[in-house]
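Chemist: Position 180, counted from 1, in the sequence shown is what the working numbering calls 180; the numbers after and before it change by one each time, with no gaps.
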Amino acid sequence: MKPDSPNLPDSTTAAENMAQMILKASLEESACSGLYFSGQSAAGTEFAGVDFRECRFSGCRFTGCRAEKLSFIDVVFESCDFSNATLSESLFRRVEFKNCKLVGADFSRTLWEHVVFRGCKADWVSLASSKLKQTRFLDCGMESGDLEDCALKGVTFSNCGLQKAEFLHTPLAGIDLTSDEIDGLAVSGPELRGAVVTTLQACELSRYLGLVIRP
1 MKPDSPNLPD STTAAENMAQ MILKASLEES ACSGLYFSGQ SAAGTEFAGV DFRECRFSGC
61 RFTGCRAEKL SFIDVVFESC DFSNATLSES LFRRVEFKNC KLVGADFSRT LWEHVVFRGC
121 KADWVSLASS KLKQTRFLDC GMESGDLEDC ALKGVTFSNC GLQKAEFLHT PLAGIDLTSD
181 EIDGLAVSGP ELRGAVVTTL QACELSRYLG LVIRP
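1) Which residue comes first and which comes last in the beta strand (DSSP E) that contains Ala67?
2) So for Glu96, helix, strand or coil by DSSP?
3) Indicate the three-state DSSP secondary structure (helix, strand or coil) for Arg207 in the structure shown.
4) Tell me whether the beta-carbon of Lys121 lies closer than 9 Å to the beta-carbon of Cys140.
5) First and last residue of the beta strand (DSSP E) that includes Ala25?
6) Out of Asn159, Leu152, Gly161, which has the shortest C-alpha to C-alpha gap to Leu168?
7) If contacts are defined as beta-carbon pairs under 8 Å, then Glu78 and Asn99 qualify, I think. What distance do you get, rounded to the angstrom?
8) Nearest by alpha-carbon distance to Ser41: which of Phe97, Asn17, Glu54 is it?
9) Could you tell me the distance, in whole angstroms, from the CA atom of Asp81 to the CA atom of Val197?
10) When the distance is taken between beta carbons, is Arg56 closer than 9 Å to Cys32?
11) Going by beta-carbon coordinates alone, are Leu102 and Arg118 separated by less than 9 Å?
12) Report all residues from its chain with a CB closer than 6 Å to the CB of Phe157; omit the five preceding and five following residues, and keep chain order.
13) Once the 5 residues before and after Asp106 are set aside, which same chain residues still bring their CB inside 6 Å of it?
14) Run through DSSP, which three-state label would Thr135 get?
15) Suppose you measure from the CA of Glu204 to the CA of Gly154; what does that come to, to the nearest Å?
16) By the three-class DSSP mapping on this structure, what secondary structure does Leu192 have?
17) Is it true that the CB of Phe92 sits closer than 9 Å to the CB of Val75?
18) Rounded to the nearest angstrom, what separates Asp123 and Ala202 at their Cα positions?
19) Within the continuous beta strand (DSSP E) that includes Leu111, where are the two ends?
20) Taking Val75 as part of the beta strand (DSSP E), name the residues at either end of that continuous run.
21) Considering just the uninterrupted stretch of the beta strand (DSSP E) at Thr86, what are its terminal residues?
22) Please go through the same chain and pick out, in chain order, the residues whose beta-carbon is closer than 8 Å to the beta-carbon of Leu192, but skip the five residues on each side of it.
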């Protein structure tokens, strides 16, 4: 089943002073709705409890921001930079990340529903202790990513770089990894039960299963 696409209005209102608007919404516990942000920055800001609905962000920077308990519903991020940002304990529902930079970002303890990551650079990203439902990762670089202790339902990885990614205590039953790079995948063994892999990948993962493969 494909993730549901964001439900965006035919037109959104161009907004300026994104950082000030977000900080105001955080203080007033109000929502940012039906807005379009382009080329703006909230880098290094700290905020919490903001509800974003039917918004579009293009070329925006959230680098190094510290935020939690956010809600993103029917939102699109395109060519945005979240490097080393913290957006933990949040909700993302019907959201798309297109060609975004998520290097070192912390999205731990977050609920993801009907989300698509497309062409994103997400090395060292943390999704630890999160729940992911109907979420797709397409052509993403996620080397050394942290997906420890996650619950995955209807999740797909396609042509992703998962080298050295951590999946400890994250069951991978039914997850197709055949198109992904999984060298050095960090698991303890039981997580692999039911995962779909190629013959070559099975040889790489055999050490976690206590197997000895002879030529």
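Quick reminder that beta carbons are idealized off the backbone N, C-alpha and C, glycines included.
The structure presented is a predicted model; accordingly, all values stated were derived computationally and were not measured.
Modeler: Quick answer:
1) As a working note, residue 67 is residue 67 in the sequence shown. From DSSP, the beta strand (DSSP E) with Ala67 extends over 66-68.
2) To locate residue 96, count along the sequence shown from 1; it is residue 96. Here Glu96 sits in strand by DSSP.
3) On the sequence shown, residue 207 is found 207 positions in, with the first residue counted as 1. Arg207: helix per DSSP, three-state reduction.
4) As a position in the sequence shown, residue 121 is number 121, starting the count at 1. As a position in the sequence shown, residue 140 is number 140, starting the count at 1. Against a cut-off of 9 Å, the Cβ pair of Cys140 and Lys121 comes out as a contact.
5) Reading the sequence shown from its first residue, position 25 is the one you call residue 25. No beta strand (DSSP E) holds Ala25; the alpha helix (DSSP H) holding it covers 18-28.
6) Taking the first residue of the sequence shown as 1, we reach residue 168 at position 168. When each option's Cα is compared against that of Leu168, the closest is Leu152.
7) Indexing the sequence shown from 1 puts residue 78 at position 78. Indexing the sequence shown from 1 puts residue 99 at position 99. Glu78 to Asn99, Cβ: 7 Å. Contact.
8) For this step, residue 41 is matched to residue 41 along the sequence shown. Nearest of Phe97, Asn17, Glu54 to Ser41, Cα basis: Asn17.
9) Indexing the sequence shown from 1 puts residue 81 at position 81. Indexing the sequence shown from 1 puts residue 197 at position 197. The straight-line gap from Cα to Cα measures roughly 32 Å.
10) Within the sequence shown, residue 32 is the residue found at index 32, counting from 1. Within the sequence shown, residue 56 is the residue found at index 56, counting from 1. Not closer than 9 Å, so no.
11) The count along the sequence shown starts at 1 and reaches residue 102 at position 102. The count along the sequence shown starts at 1 and reaches residue 118 at position 118. Their beta carbons are not under 9 Å apart, which means Leu102 does not touch Arg118 by this criterion.
12) Counted from its first residue, the sequence shown places residue 157 at position 157. Closer than 6 Å at Cβ, skipping near neighbours: Phe137, Asp180.
13) Walking along the sequence shown from the start, residue 106 turns up at place 106. The residues are Thr86, Ser88, Ser126.
14) One-based indexing of the sequence shown puts residue 135 at position 135. Strand at Thr135.
15) Here residue 204 refers to the residue found at position 204 when the sequence shown is read from its first residue. Here residue 154 refers to the residue found at position 154 when the sequence shown is read from its first residue. So the alpha carbons of these two residues sit roughly 25 Å apart.
16) Position 192 of the sequence shown, counting from 1, holds the residue named residue 192. Looking at Leu192 - three-state DSSP - the assignment turns out to be helix.
17) Counting from one through the sequence shown, the residue named residue 75 turns up at place 75. Counting from one through the sequence shown, the residue named residue 92 turns up at place 92. The answer is yes: Cβ separation under 9 Å.
18) Within the sequence shown, numbered from 1, the residue matching residue 123 stands at position 123. Within the sequence shown, numbered from 1, the residue matching residue 202 stands at position 202. Approximately 24 Å, taken between the alpha carbons.
19) Within the sequence shown, numbered from 1, the residue matching residue 111 stands at position 111. Run containing Leu111: 111-118, per the beta strand (DSSP E) assignment.
20) By one-based count along the sequence shown, residue 75 stands at place 75. Its beta strand (DSSP E) spans residues 71-78.
21) Here residue 86 is taken as the residue at index 86 of the sequence shown, counted from 1. First-last of the beta strand (DSSP E) with Thr86: 86-88.
22) Residue 192 sits at position 192 when you count from the first residue of the sequence shown. Within the same chain, Leu192 has close Cβ partners Leu172, Leu205, Tyr208, Leu209.
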